[in-house]
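When we follow my numbering, the leftmost residue of the sequence shown carries the number -13, and every step to the right adds one. We put the beta carbon where it would ideally sit given N, CA and C, even for glycine.
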Amino acid sequence: MDTIEDILLLGDPLLYKTSLPVAQREVASLEPTINKLGNLVLLFREKYGRGRAIAAPQIGVLKRLIVLNIHEPVAIINPHLSFPDPEQFDLWDDCMSFPNLLVRIKRYRRCVLTFYDRQWAAHTWHLEGSMSELIQHEFDHLEGILATQRAIDNQSFHMITDLT
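Now the structure itself:
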């Protein structure tokens, strides 16, 4: 049974490792991982009232896989990001791997995401605002980068005291 305790927490060495690409032949074997990630987003949202996506490294699976679960689970396999313009914005970022901490960071306002889905069909999404920052956050997990490493300065941390 999936529980939010399956999510690795800040400080776990696996969170700082770079993930490996998924080969097309591996997709079927990753279905249980994809389903688990989708379930964990829902469980986290139920407990904390937030959570839209999770990356495979957050459960110790070092594969280039993100599951977005806003209306239904969407597997984002081997994502690539590009940034069509340099405009950035500041935000307080949260993370399932440190649910009681907010970190002030900068993200690109727009990005272009290319990826494969579960059927190995290629997709390109042009994202802005909150969806752009969300995908950048999850992509960072695939690179072994946490929001804490992107803090604007040493004053850019805030503890959340009411976690429910």
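Continuous beta strand (DSSP E) stretch holding residue i: start and end
i   : result
D76 : Q74 to C81
S68 : P59 to S68
Contact set for residue i: own chain, Cβ-Cβ below 8 angstroms, skip 5 residues either direction
i  : result
L6 : L48, K49 and R50
K3 : P43, L48 and G130
First through last residue of the alpha helix (DSSP H) which encompasses residue i
i    : result
E114 : Careful: E114 lies outside any alpha helix (DSSP H), inside the beta strand (DSSP E) at A108 to E114.
Nearest-angstrom Cα separation, counted from residue j out to residue i
i      : j    : result
R31    : Q10  : 30 angstroms
R36    : C81  : 9 angstroms
T(-11) : L120 : 22 angstroms
A108   : Y102 : 5 angstroms
L54    : Q141 : 30 angstroms
L151   : R93  : The first residue shown for the chain is -13 and the last is 150, placing residue 151 beyond what the model contains.
L28    : I56  : 9 angstroms
Own chain residues within Cβ distance below 7 angstroms of residue i, not counting five before or after
i    : result
H144 : W78 and L88
Does the pairing of the segment 96 to 104 with the segment 62 to 72 give three or more beta-carbon distances under 8 angstroms?
They touch, by the three-pair rule.
Three or more C-beta pairs below 8 angstroms linking the segment 109 to 129 and the segment 26 to 42
The segment 109 to 129 is in contact with the segment 26 to 42.
Count the C-beta pairs between the segment 55 to 62 and the segment 70 to 89 that are closer than 8 angstroms, then say yes if the count reaches three, no if not.
Touching, no, given that fewer than three Cβ pairs across the two stretches are closer than 8 angstroms.
Segments assigned alpha helix (DSSP H), at least 4 residues, entirely inside the segment 2 to 54
Complete alpha helix (DSSP H) runs here, min 4: 17 to 34.
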